[in-house]
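Take a look at the structure below.
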Amino acid sequence: MLKPQDILAILKVHSWEKATWTYNTLAQSLGMSASEVHGALSRCAAAGLYDGENRRILTQALLEFLVHGLRYVFYAQPGPLSRGLPTAHSAEPLKSKLVVSPSEMYVWPDPQGVVRRRSHPCTVQSLKLLKTIQNFTPCLA
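Using the working numbering, the letters of the sequence shown correspond one by one to residues 13 to 153.
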């Protein structure tokens, strides 16, 4: 079963294209351990997204999964009203580009947050991933 960090790891490998990498260098760049990265790519291989023997991403399969499957595998169920930090389409830059009802706005729970809306599940791992991908925009072609 894939984990959210597996997608981050495979996208990072993709972003490096043909660069030579080790599990340690990949782990350092993602803020994970080498064993976590190895596990992530092993799960991606089991899912048919990565060829571990040749260390090659199966680009068409990955693209198909990202476009059509990701939202069904890693779905989010909004929680109760909570004070927190705006997230998803409730935060910039999407907030100013989309028209969204205030009842459909979400926050990541945080006691120091200034907004009270429906909460979105948040884990320490999610925050770690968010920090890692803040400026990460891979291009799949």
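Where a beta carbon is used, it is the ideal one built from N, C-alpha and C, also for glycine.
In this structure, DSSP gives Tyr35 a helical state, which the three-state scheme calls helix. The Cβ-Cβ distance between Ser108 and Val119 does not fall below 7 Å. Under the three-state reduction of DSSP, Gly64 is assigned to coil, being neither helix nor strand.
Residue range Tyr118 to Pro121 is occupied by the beta strand (DSSP E) that includes Tyr118. Every beta strand (DSSP E) of 3 residues or more that sits fully in the region 70 to 134 is shown, in chain order, as 93 to 99, 118 to 121 and 127 to 131. Segment contact: the region 120 to 130 against the region 94 to 103, three or more CB-CB distances shorter than 8 Å; contact assigned. Less than 7 Å divides the Cβ of Leu61 from the Cβ of Leu70.
Lys30 is classed as exposed because its beta carbon has fewer than 16 other beta carbons within 10 Å across all chains shown. In the structure shown, Gly43 falls within a coil segment according to DSSP collapsed to helix, strand and coil. Annotated three-state conformation of Lys30 is coil, per DSSP.
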